[in-house]
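Here is the structure we will look at, set down as structure tokens.
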Amino acid sequence: QDDYVALASQGKKYLKQQTISSLEASLDPKNFVRVHRSYLVNVERVSRLEPYGKDSHIAILSDGSRLPVSRAGLTRLKEFLGEKA
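Sequential numbering from 263 applies to the sequence shown in this note's numbering.
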């Protein structure tokens, strides 16, 4: 939302005045991947990827949360998971 990002961690949400791009730049790229224009995810929290409709996917996190994954985000996530596997 504008220059605010909502952070979710351990069942709590926090609002921070920062852009998602600047947050992404400050996080460790070995652990965090931008999966959608509105979402960054800690890859260690991704349980699985599921197809969702035509040409789209969702990431299911270990806490059961579901995040949309864009086509570009899917490519980045698969590259990352491929490197880790």
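The beta carbon of each residue, even a glycine, is placed where N, CA and C say it ideally should be.
Can you name, in chain order, every residue of its own chain whose Cβ lies under 7 Å from the Cβ of residue i, other than the five neighbours on each side?
i	result
Lys278	Tyr266, Val267, Leu269
Pro313	His319
Gly315	none
Tell me which same chain residues have a C-beta within less than 6 Å of the C-beta of residue i, skipping the five on either side of it?
i	result
Ala347	Only weak support is given to the placement of Ala347: the predicted model assigns it a pLDDT of 44, under 50, and the value that follows is read from those uncertain coordinates. No residues qualify anywhere along the chain.
Glu286	Arg296, Leu302
Lys275	Ala268
Between the options, which has its C-alpha nearest residue i's C-alpha?
i	options	result
Leu311	Gln280, Arg338, Arg299	Arg338
Ile282	Lys292, His298, Ser271	His298
Pro349	Ser300, Phe294, Phe342	This structure cannot speak to residue 349, because the chain is shown only from 263 to 347.
Ser271	Ile322, Asn304, Ser332, Ile320	Asn304
Arg328	Ala334, Lys340, Ser309, Phe342	Ser309
Taking only the alpha-carbon atoms, compute the straight-line gap between residue i and residue j and give it to the nearest angstrom.
i	j	result
Ser324	Arg307	5 Å
Gln280	Ala334	23 Å
Looking only at its chain, what residues have a beta carbon closer than 8 Å to the beta carbon of residue i, apart from the 5 residues adjacent to it on each side?
i	result
Phe294	Glu286, Leu302, Val303, Asn304, Val305
Runs of 3 residues minimum, wholly inside the region 302-328: which ones carry the beta strand (DSSP E) assignment? 308-313, 319-323
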